[in-house]
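Contents: one structure, followed by commentary.
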Amino acid sequence: MNQITSFEQYKKEYVRSVQQSETFWSEVAESFLWRKKWDKVLDWNFTEPKVKWFDGAQCNITENCLDRHLETRGNQIAIIWEPNNPNENFRTLTYRELHTEICRFANALKNLGVNRGDRVCIYLPMVPEAAVAMLACARIGAVHSVVFAGFSSSSLADRINDSACKILLTADAVYRGEKEIDLKKIADDAMLQTPSIEKCIVLNHRNSAVEMKTGRDIFWNDALENISNGNEAESMNAEDPLFILYTSGSTGKPKGVLHTTAGYMVYSAYTFLNVFNYKEKEIFFCTADVGWVTGHSYIVYGPLLNGATTVMFEGVPTHPDHGKFWDIIDKHSVNIFYTAPTAIRSLQTYGEEIFKTKNLSSLRVLGTVGEPINEEAWHWYHKNVGKENCDIVDTWWQTETGGVLISPIANVTPLKPAFATLPLPGVQPVLLNEKGEEIEGNNVEGNLCIKFPWPGMARTLYGAHERFRQTYFSNYHGYYFTGDGCRRDENGYYRITGRVDDVINVSGHRIGTGEVEDAIDVHEHVIETAVVGFPHDIKGQGIYAFVICGKKIENEEALRNEIKKHVTERIGAFARPDKIQIVSGLPKTRSGKIMRRILRKIAEGDTSNLGDTTTLLDPSVVEQIKAGAL
Ligand code: WTA
Numbered sequence: 002m003n004q005i006t007s008f009e010q011y012k013k014e015y016v017r018s019v020q021q022s023e024t025f026w027s028e029v030a031e032s033f034l035w036r037k038k039w040d041k042v043l044d045w046n047f048t049e050p051k052v053k054w055f056d057g058a059q060c061n062i063t064e065n066c067l068d069r070h071l072e073t074r075g076n077q078i079a080i081i082w083e084p085n086n087p088n089e090n091f092r093t094l095t096y097r098e099l100h101t102e103i104c105r106f107a108n109a110l111k112n113l114g115v116n117r118g119d120r121v122c123i124y125l126p127m128v129p130e131a132a133v134a135m136l137a138c139a140r141i142g143a144v145h146s147v148v149f150a151g152f153s154s155s156s157l158a159d160r161i162n163d164s165a166c167k168i169l170l171t172a173d174a175v176y177r178g179e180k181e182i183d184l185k186k187i188a189d190d191a192m193l194q195t196p197s198i199e200k201c202i203v204l205n206h207r208n209s210a211v212e213m214k215t216g217r218d219i220f221w222n223d224a225l226e227n228i229s230n231g232n233e234a235e236s237m238n239a240e241d242p243l244f245i246l247y248t249s250g251s252t253g254k255p256k257g258v259l260h261t262t263a264g265y266m267v268y269s270a271y272t273f274l275n276v277f278n279y280k281e282k283e284i285f286f287c288t289a290d291v292g293w294v295t296g297h298s299y300i301v302y303g304p305l306l307n308g309a310t311t312v313m314f315e316g317v318p319t320h321p322d323h324g325k326f327w328d329i330i331d332k333h334s335v336n337i338f339y340t341a342p343t344a345i346r347s348l349q350t351y352g353e354e355i356f357k358t359k360n361l362s363s364l365r366v367l368g369t370v371g372e373p374i375n376e377e378a379w380h381w382y383h384k385n386v387g388k389e390n391c392d393i394v395d396t397w398w399q400t401e402t403g404g405v406l407i408s409p410i411a412n413v414t415p416l417k418p419a420f421a422t423l424p425l426p427g428v429q430p431v432l433l434n435e436k437g438e439e440i441e442g443n444n445v446e447g448n449l450c451i452k453f454p455w456p457g458m459a460r461t462l463y464g465a466h467e468r469f470r471q472t473y474f475s476n477y478h479g480y481y482f483t484g485d486g487c488r489r490d491e492n493g494y495y496r497i498t499g500r501v502d503d504v505i506n507v508s509g510h511r512i513g514t515g516e517v518e519d520a521i522d523v524h525e526h527v528i529e530t531a532v533v534g535f536p537h538d539i540k541g542q543g544i545y546a547f548v549i550c551g552k553k554i555e556n557e558e559a560l561r562n563e564i565k566k567h568v569t570e571r572i573g574a575f576a577r578p579d580k581i582q583i584v585s586g587l588p589k590t591r592s593g594k595i596m597r598r599i600l601r602k603i604a605e606g607d608t609s610n611l612g613d614t615t616t617l618l619d620p621s622v623v624e625q626i627k628a629g630a631l
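So in this note's numbering, spot 367 of the sequence shown is number 368, and the numbers just go up one at a time.
Dropping the structure here:
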């Protein structure tokens with residue numbers, strides 16, 4: 002694959018990638034292992050929408066991640082796993098070992114009746130088996146749907162049911178910092194409502210006691226008994242589904258974003274190589290969880306496709322102390338480190354003393370992802386972690402985009418703190434105004450859209466193509482709408498300003514306000530809820546809930562705790578509201594629509610100018626809400 006090494010080269014490649022898009026991407030694709038080459042590079046329209054890359058081609062992504070590396074780097078470490086508990090040893094898997102594990106597990110899945118096209122739900126902690134499971138599915142053409150292990154049983158059940166998964170993979174338990182979480186119990190609760198699940202494979206990770214249901218549940222190791230090592234990878238069509246990954250949207254129901262085989266493979270590999278300027282034998286450490294898209298593209302697929310060594314970390318950055326990330330970098334001589342602004346801001350609060358005893362000199366490139374980074378955090382990261390020697394790539398992308406779209410290229414693009422800078426080759430961003438017109442020129446702001454397909458883009462929402470069209474392709478005809486607002490500065494550099502829809506970004510986790518509202522509304526005393534985001538020093542955004550109750554509440558604190566518990570049970574602890582204000586009414590228009598703009602202002606503590614409130618059914622509720630604001 003072509004690696005970009007100078008800014009001049011970037012500019013040339015960019016122009017070429019726009020003018021001769023198909024030639025550009027077919028050249029990138031040449032370096033992969035294909036069972037059969039494509040008949041057509043690209044077939045698309047953004048109306049239906051229909052996007053097909055490398056149509057007619059056949060390949061298997063795991064042959065590209067593993068088999069083709071065996072001869073040259075069979076003994077190189079593919080995965081380094083760092084446990085949560087500092088007294089336990091880390092584990093490594095070489096490319097050869099990983100290949101064997103994946104072939105065996107692929108055979109075990111087949112043995113349990115998993116066929117090409119079947120959906121497999123993966124609800125596992127951050128352990129190498131999560132990567133093994135994903136790749137084993139891809140090996141046999143099953144579609145993986147990884148659900149973040151912080152989700153509750155009811156969220157897990159919703160996701161399993163939406164795509165009718167046949168098998169659930171889970172573990173006995175997981176450690177998060179000091180806390181042990183009983184994963185199997187959560188999975189059991191979910192499986193009370195998931196008729197499609199035939200088998201549940203349970204990884205014995207913590208040696209915790211679990212209940213096993215006869216005929217349904219089987220331990221991971223037992224599933225591997227008498228299973229052979231040899232496995233012929235399934236020949237997949239370019240547009241066969243590779244995985245589903247659920248993400249939040251404006252309305253309550255999560256969306257099953259679907260990615261397909263060849264385009265995702267080419268794009269995740271290309272962006273990994275170029276954004277991080279990856280060099281042979283480097284150690285790459287991404288702190289995301291495999292339950293999110295960052296973990297898919299830049300812990301598993303991108304690094305392995307490039308033959309890199311990828312670090313998987315089970316724990317949290319503050320356990321046993323706030324030096325954990327720096328210890329891992331020091332211990333494994335990490336060269337490229339990729340994390341979220343939230344983590345940086347939270348570690349920043351502990352001060353710089355800790356760096357005196359850590360050797361971070363192996364670091365060459367730093368990255369951030371998931372939310373806008375503020376300048377202060379950027380400089381802190383640059384100075385204390387990068388010692389002013391490492392480029393920071395502020396990578397903007399989404400679950401739907403499959404890989405990074407706008408980002409500096411490390412050691413190539415001149416940086417500007419808090420700016421994602423420029424589009425990668427093949428990516429054509431535009432800013433649109435309210436009327437849907439492209440905003441020309443620089444020093445402008447608008448809604449960020451993309452006007453031409455790139456290979457890694459999502460193809461549909463599982464079983465909901467019309468919702469896919471409506472969500473992303475109907476606001477602005479002929480464009481993919483990202484849901485983000487964006488500024489373009491005087492030099493054409495992009496800075497993403499945040500969501501313009503009803504999605505909140507809490508610590509880099511995307512949370513739909515509708516989802517939280519639905520969870521709160523389940524409470525017996527709650528009549529109606531409106532949820533908005535507000536600026537939060539560490540998390541980026543916090544969750545503010547305005548709640549109307551059906552009866553007089555004697556103990557408001559108790560009610561708040563119950564509401565938080567409801568959200569934890571329905572979604573997960575990460576979606577718990579930070580502030581809950583009990584109100585007597587919500588600002589609604591005469592047609593019954595909640596004016597969130599007003600609630601957002603109140604939640605931000607900025608009530609000096611609430612804009613026009615004359616269209617409200619009852620403007621006096623605004624005064625009442627303002628008076629009781631938290
Ligand atoms: C936000 C995560 C600013 C954005 C890969 C986007 C960012 C949403 C950045 C996608 C960034 C992601 N700067 N904002 N560098 N990266 N975002 O699907 O609002 O979990 O739409 O994908 O995160 O979140 P998702």
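Backbone N, C-alpha and C fix where the C-beta goes; we use that ideal spot for every residue, glycine too.
Relative to the C-alpha of residue i, which residue among the options is closest?
i, options, result
"Asp331", "Val386, Glu377, Val301", "Val386"
"Ala520", "Glu558, Glu570, Gly493, Gln471", "Glu570"
"Asp223", "Asn444, Asn108, Ala419, Pro426", "Asn108"
"Ser249", "Trp293, Cys287, Ala270", "Trp293"
"Thr608", "Ala630, Gly257, His206", "Ala630"
"Cys550", "Val568, Val527, Val532", "Val527"
"Lys282", "Lys38, His333, Ile161, Val291", "His333"
"Ala263", "Phe277, Ser251, Leu243, Val16", "Leu243"
"Val133", "Arg97, Ser164, Leu432, Ser155", "Arg97"
"Phe575", "Phe149, Val29, Ser197", "Phe149"
"Asn390", "Ser363, Val370, Gly178", "Ser363"
"Pro409", "Lys540, Glu467, Phe273", "Phe273"
Please classify residue i as buried or exposed, where buried requires at least 16 other C-beta atoms within 10 Å of its C-beta.
i, result
"Arg217", "exposed"
"Arg365", "buried"
"Ala651", "Because the chain in this structure spans residues 2 to 631, residue 651 falls outside the shown range and cannot be described."
"Ser229", "exposed"
"Arg598", "exposed"
"Pro471", "Reading the sequence as shown, one finds Gln at residue 471 and not Pro. Classification of Gln471: exposed, given that the 10 Å Cβ count is below 16."
"His478", "exposed"
"Tyr351", "exposed"
"Val16", "exposed"
"Arg460", "buried"
"Ala411", "buried"
"Asp503", "buried"
"Ser7", "exposed"
"Arg489", "buried"
What's the C-alpha gap between residue i and residue j?
i, j, result
"Trp398", "Lys594", "31 Å"
"Val128", "Glu439", "45 Å"
"Trp35", "Arg105", "23 Å"
"Glu614", "Asn116", "For clarity, residue 614 is Thr in the given sequence; the question names Glu instead. Approximately 57 Å, taken between the alpha carbons."
"Glu516", "Tyr473", "19 Å"
"Ile603", "Asp619", "17 Å"
"Phe535", "Gly368", "25 Å"
"Tyr382", "Thr396", "15 Å"
"Thr101", "Lys111", "15 Å"
"Glu353", "Gly114", "54 Å"
"Gly573", "Thr48", "36 Å"
"Asn90", "Leu306", "27 Å"
"Trp348", "Thr319", "What sits at residue 348 in the sequence shown is Leu, not Trp. Each residue's Cα considered, the two are about 8 Å apart."
"Lys417", "Thr483", "23 Å"
"Gln59", "Arg140", "13 Å"
"Phe326", "Ser585", "46 Å"
"Phe25", "Glu558", "60 Å"
Mind checking who residue i pairs with in its DSSP beta bridge?
i, result
"Met237", "Cys60"
"Thr396", "Val370"
"Pro418", "Answer by DSSP bridge pairing: none, since Pro418 is not bridged."
"Phe244", "His145, His260"
Alpha helix (DSSP H) runs wholly inside the region 530–574, at least 4 long, in chain order:
557–571
Inside the region 128–216 only - beta strand (DSSP E) runs reaching at least 3 residues:
144–147, 168–172, 175–177, 180–182, 200–204
At 3 residues or longer, what runs of the beta strand (DSSP E) sit wholly inside the region 288–316?
310–314
Could I get the ranges of all uninterrupted alpha helix (DSSP H) runs contained in the region 75–125, with 4 residues as the minimum, in chain order?
96–112
Quick one: which unbroken beta strand (DSSP E) runs of 3-plus residues sit fully inside the region 311–360? Chain order, please.
337–340
So within the region 448–479, which uninterrupted beta strand (DSSP E) runs reach at least 3 residues, ignoring any that extend past its ends?
none
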